[in-house]
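Residue numbers (this note's numbering): 22 to 117.
What follows is a single structure, written as structure tokens, with notes after it.
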Amino acid sequence: MNAERIFTVLKGPHISEKAAMGSEDQVVFKVAGDATKLEIKKAVEKLFKVKVEGVQTANVKGKVKRNRYGLAAKPSWKKAYVRLAQGQEIDFALVD
């Protein structure tokens with residue numbers, strides 16, 4: 022995987038109440054819609070220098086909202102639950 026693809030796979034961390042309630046060795050990321058589990062694993066390992074044990078992905082369907090022009094759909098997106106090895110952690114405040 023080339024360096025450019027690494028930066029396009031991960032879009033950023035997903036901060037939510039459900040993500041915060043998860044286990045301490047799990048981090049949730051927003052990822053590209055065409056990203057595979059292997060690409061996500063390699064990108065996290067190279068960018069954050071941690072050992073990844075597993076990756077689970079979920080496609081989040083965009084909600085349909087009503088506005089004065091009728092119905093409009095929010096865009097769908099993909100998220101990845103990344104399980105880190107024991108004793109590993111990612112601190113987003115200290116990332117280079």
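Where a beta carbon is used, it is the ideal one built from N, C-alpha and C, also for glycine.
All values reported here derive from a predicted model rather than from experimental measurement.
Query	Result
Straight-line Cα distance separating residue 94 from residue 9	A question about residue 9 goes unanswered here, because the residues of the chain that appear run from 22 up to 117.
6 Å CB neighbourhood of residue 5 in its chain, flanking five on each side removed	Past the edges of the chain, shown from 22 to 117, lies residue 5, and the structure says nothing about it.
Span of the alpha helix (DSSP H), counted from its first residue to its last, around residue 30	24-30
Beta-bridge partners of residue 87, as assigned by DSSP	92
Residue 92 to residue 33 span [Cα, whole Å]	28 Å
Stretch pair the stretch 105-116 + the stretch 62-75: three plus CB contacts closer than 8 Å	yes
6 Å Cβ shell around residue 48 - same chain, five flanking residues per side excluded	103 and 111
First and last residue of the uninterrupted alpha helix (DSSP H) at residue 45	Premise fails: residue 45 is in no alpha helix (DSSP H) and is neither H nor E.
C-beta contact flag for residue 51 and residue 35 at 7 Å	yes
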